[in-house]
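Q: Take this structure, written in C-alpha cells, and hold onto it; I'll ask about it next.
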Amino acid sequence: MDDAVAVDFGEDGLVPAVAQDAETGEVLMLAYVSPEALERTRETGLAHYYSRSRDELWQKGKTSGHVQHVDEVRVDCDADTLLYLVDQEGGACHTGRRSCFYRTIDGEDVGEQVFDPDAVYE
C-alpha cells in the first residue's frame with residue numbers, strides 16, 4: 447500500500463525545508479524546495495534546494511564540496527514544510543560556520559567556524 451504524502455507546494459511552488467543534523471539534532475539551515483528539488487534529493491540522496499534569488503535548482507555543496515547526505519525526508523502535519531535529516535560534510539553556512547544559526551538575537555557569535563569562505567568561494 448502506497449502511503450506517500452502529497453506535499454503541498456502552494457501557490458509559489460515552494461516549501462521551506464529545515465536541514466537538521468541526523469546524529470546531533472543541530473539545526474543547520476533553512477532553504478526552499480521545489481517539486482524538482484525534492485525529486486532530485488530523493489533520487490540522489492544529496493540535498494537539493496531551490497534558490498529564490500537565483501531562480502534555479504541547486505545542489506547543496508556543489509561549489510563548496512560541503513554536501514548534505516540526506517538520511518530521511520520528513521513532512522510536517524500540514525504537508526507544507528519538509529525536514530531533511532542529513533549528514534553534513536563540512537559547514538552548512540556560506541559564512542564558513544557549521545550552522546546558519548550561529549548568532550543570537552543580541553549579535554553574539556555562538557557558532558563554530560569550520561572553513562574559510564574566502565578560500566572556498568574565490
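Here the numbering used here is used: the first residue of the sequence shown is 447, the next is one more, and so on. Just so it is clear, CB atoms sit at the ideal spot from N, CA and C, and this is done for glycine as well.
Could you tell me which of 449, 545, 479 and 540 sits nearest to residue 568, measuring between CA atoms?
A: Nearest C-alpha to residue 568: 540.
Q: Can you give the Cα-Cα distance for residue 460 and residue 523, rounded to whole angstroms?
A: In a straight line, the C-alpha of residue 460 is about 17 Å away from that of residue 523.
Q: Give the single residue among 548, 555 and 491 whose Cα lies nearest to the Cα of residue 513.
A: Closest option to residue 513, Cα to Cα, is 491.
Q: Would you decide whether residue 516 is buried or exposed? Buried here means 16 or more other CB atoms lie within 10 Å of its CB.
A: Classification for residue 516: buried.
Q: Determine the burial state of residue 532: buried for a count of at least 16 other Cβ atoms within 10 Å of its Cβ, exposed for fewer.
A: By the neighbour-count rule (16 or more Cβ atoms within 10 Å), residue 532 is buried.
Q: Report the partner residues of residue 478 according to the DSSP bridge assignment.
A: DSSP, once it has assigned bridges, lists 462 and 496 as partnering residue 478.
Q: What three-state label does DSSP hand residue 518 in the structure shown?
A: Looking at residue 518 - three-state DSSP - the assignment turns out to be strand.
Q: In three-state DSSP terms, what is residue 544?
A: Reduced to three states, the DSSP call for residue 544 is coil.
Q: On the three-state DSSP scale, how would you describe residue 489?
A: Helix.
Q: Mind checking residue 477: buried by the 16 CB within 10 Å criterion, or exposed?
A: Buried is the call here.
Q: So if DSSP puts residue 566 in a beta bridge, which residue, or which two residues, is it bridged to?
A: Answer is none; residue 566 lacks a bridge partner.
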